[in-house]
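Protein chains in written order, with our numbering: chain Y, 209 to 469; chain U, 133 to 795.
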């Protein structure tokens, strides 16, 4: 299986692990992540302003490119995925927005949201399947107590993201089970880490991160996994070494026996 | 050609003020078919009616047009007048020149012109009217009540007390419904069981009432006065007439781990069980999902201990067919599932419960014998947070309901007050959007909770409940103080929205009774006919029609009973002759009419037709049951071949009216 792949800027700089292990794991699971040509920054956040299209154009270009290939568009970074999916949804449902964008970028064929946007986790769940993942595991992480950290961007807005129940998600827990580890469910797994507030008010961001870490530690987690570079940054920086935080792709690569010790 | 008389009413100055009545009656004199035209100050008065009667006799009128008020007001009056003078009442047409004419115009010339057009329209229609005779159908003097909660119980008792036979069909093994699960009732705080169980006994002992418990309605056919209902009596594996209700089997049954529905799964019952001590009928029921004997053929303990010999493992579902004149729907409600509201951690902590579960926790017959203990560790909770409107008043209704569930403000006030009364060392918080307490002595009740019992009422919603250790961390907003609150609670109680019972939707289809988007049954008129369904002979009682508390439910139950009694008191029902009929020669049997008929009045039959070449052919043609048809006309529009027509409102008559207006 071949899918279009949108890595995003952070995966080329700060979050190289997220990218590297995703590619290697996908290959081991029989999926080729074909990086689309000349992708640009997703825009970072999905702008709520409805009267401007500029910040969303790069996403539409990537989506249209995937449509041309007739492939789903996969991303790993929670933030990129969020912007891509919301932009795609806007292209499907907001006619005015779609026609303005199409007029501006003039793609070969008008784009109306026909590309299927998948997060890497959705790729695992819906395209590859947990059973296939389980079957491919060479070094199961037996006994490891892993807390899933969802953050905000993966699940919300829930109607658009349509990934999982925003209040009681289970996709990362299912992933943790598939690689042989034991998921630890804790109440703050879908609370905000502080996000970009860390630039403006580091103390507030720290408070939010600590709530997450305390909650996870209290429930017995030894380690947290996330799909978001910003979440990882906040939890790491504010965590005072409370709990290690790694990307979920790293654990996957480890379980698949791809990670050199 | 008809001989038409026109009678223009002044309605004092109501019409005459803006319509030149003299000019109207003069102008209408010239219309085709009109042989007599006059005007009078009050046409509906005795003197006015005499003018009509005399004119019918004198001018041998075959149809009349009264230009007056809305037909809703006096059509019946003038039909009676015509009938008294020997004219078929359906040869009367009303032209409304009051509400729809004189009242909207200030200018007399315009008003007069419009009145003439409206009169001309009615004349055009009468020219095509044909005498109609309403049919009659007999009434079966027995009522069916579906649902045995407080609504069904009250309706059944009221109908039976009037001397008519009533059957109650209840899907649970006992009647009593939700009220049987409640502890105290607001605003008087009398115990629910103390006021409900005597009524349950009254029902059981009433010679006119039969209870079909553990039974469901399978199918309904027929129409007002003549329903035929198929009732499925589910196999309970215990002979109802033999079981004494001693309860020995329910103590000896080795299958102990069956979640007890009556206590909302907070404790266990046996596979053979009596739901609660005051159950009616007080007989045991075997739950086939859990009974070892029924599943594997090995056990038989209950049969061994039963001294009455009531156990019958070979019992089968039974079907009973019965005829009824009227059907009352009293299917009640359920709290909605908390599955989509996981921000309150209902599925993550045993100590997050719904208000109905709280009722059981405080009920002397509940799992804790009325002592308020946390489900998780059976400790007394010191801080309790009540969250109102969980799933109610959800805009957009992505999850939850858009409507207000109406009862939650009052029962939450009751829970809060009773908790503070029994356990004064407990801190009680109530989070609300609005407190809504309209009802007799309701607001006083709520104020007592706040002022005398010191319940902390906080305007704002809870955003998240996080179980942490043995505590529940409640994060909420206080909108009046404009600050965020963090409360360490021991117990969180969710006032879950209520929704109609799941059995209501299929039942509505069976009854061809309409429902709203929330699956509440629709009433015939929201203000003037609140206990009748638009389907004749089907009545509504209790929360199946909308959220209601007990006092309101009981009032509505009595009102529904009164309507049923009014129907059953009649020996025959006069139908409305303005019903659809099908021209068999034009009908091609396509089923379009059947699909749009909201009352199930259309059936098909194969009929032999003689063809031009003297052969015969079988053809499928539509047939209208005139007793069921309500004359809505949907079928006449849907029919592609023009075979369906409405008596009294034929397509030709409507077209003649349109032509007359456009002339």
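C-beta: ideal position from N, C-alpha, C; glycine also.
Kindly indicate if chain U contains any beta-carbon less than 7 Å away from that of residue i.
| i | result |
| --- | --- |
| residue 395/Y | yes |
| residue 375/Y | yes |
Taking only the alpha-carbon atoms, compute the straight-line gap between residue i and residue j and give it to the nearest angstrom.
| i | j | result |
| --- | --- | --- |
| residue 245/U | residue 142/U | 15 Å |
| residue 299/Y | residue 320/Y | 5 Å |
| residue 330/Y | residue 371/Y | 7 Å |
| residue 435/Y | residue 577/U | 52 Å |
| residue 429/Y | residue 407/Y | 28 Å |
| residue 639/U | residue 262/Y | 54 Å |
| residue 462/U | residue 694/U | 15 Å |
| residue 366/Y | residue 735/U | 47 Å |
| residue 446/U | residue 435/U | 12 Å |
| residue 427/Y | residue 680/U | 42 Å |
| residue 787/U | residue 769/U | 13 Å |
| residue 761/U | residue 356/U | 11 Å |
| residue 274/U | residue 565/U | 46 Å |
| residue 405/U | residue 416/U | 5 Å |
| residue 751/U | residue 653/U | 38 Å |
| residue 132/U | residue 398/Y | Because residue 132/U is not part of the residues shown, which for chain U are 133 to 795, the question remains open. |
| residue 215/U | residue 206/U | 14 Å |
| residue 683/U | residue 550/U | 20 Å |
| residue 598/U | residue 334/U | 48 Å |
| residue 223/Y | residue 440/Y | 9 Å |
| residue 518/U | residue 633/U | 24 Å |
| residue 429/U | residue 384/U | 17 Å |
| residue 262/U | residue 346/U | 52 Å |
| residue 260/Y | residue 295/Y | 12 Å |
| residue 217/U | residue 184/U | 9 Å |
| residue 803/U | residue 486/U | Residue 803/U lies beyond the stretch modelled for chain U, which goes from 133 to 795, so this question has no answer here. |
| residue 232/U | residue 256/U | 19 Å |
| residue 708/U | residue 456/U | 21 Å |
| residue 415/Y | residue 609/U | 18 Å |
Can you name the residues of chain Y whose CB is closer than 8 Å to the CB of residue i?
| i | result |
| --- | --- |
| residue 227/U | Under the 8 Å cutoff, chain Y gives no residues; its nearest Cβ is about 48 Å from residue 227/U. |
Residues of chain U with CB closer than 8 Å to the CB of residue i, please, in chain order.
| i | result |
| --- | --- |
| residue 423/Y | 598, 600 |
| residue 367/Y | 530 |
| residue 426/Y | 600, 601 |
Could you pull out every residue in the same chain whose Cβ sits closer than 7 Å to the Cβ of residue i, ignoring the five residues on either side in sequence?
| i | result |
| --- | --- |
| residue 405/Y | 412, 413 |
| residue 502/U | 494, 495, 496 |
| residue 771/U | 724, 725 |
| residue 526/U | 532, 533, 534 |
| residue 379/Y | 329, 333, 371, 372 |
| residue 187/U | 137, 168, 193 |
Would you say residue i lies against chain Y (beta-carbon separation less than 7 Å)?
| i | result |
| --- | --- |
| residue 553/U | no |
| residue 475/U | yes |
With a threshold of 6 Å on Cβ separation, who are the neighbours of residue i within its own chain once the five nearest residues in sequence on each side are excluded?
| i | result |
| --- | --- |
| residue 248/Y | 266 |
| residue 670/U | 459, 643, 645 |
| residue 452/U | 363 |
| residue 475/U | 596 |
| residue 224/U | 196, 210, 211, 214 |
| residue 226/Y | 219, 284, 455, 457 |
| residue 417/Y | 401, 402, 442, 443, 446 |
Does at least one heavy atom of the ligand ADP sit under 6 Å from the Cβ of residue i?
| i | result |
| --- | --- |
| residue 745/U | Ligands displayed in this structure: none; no statement on the ligand ADP is therefore possible. |
Interface residues of the segment 478-497 of chain U facing chain Y [CB-CB below 8 Å]: 479, 480
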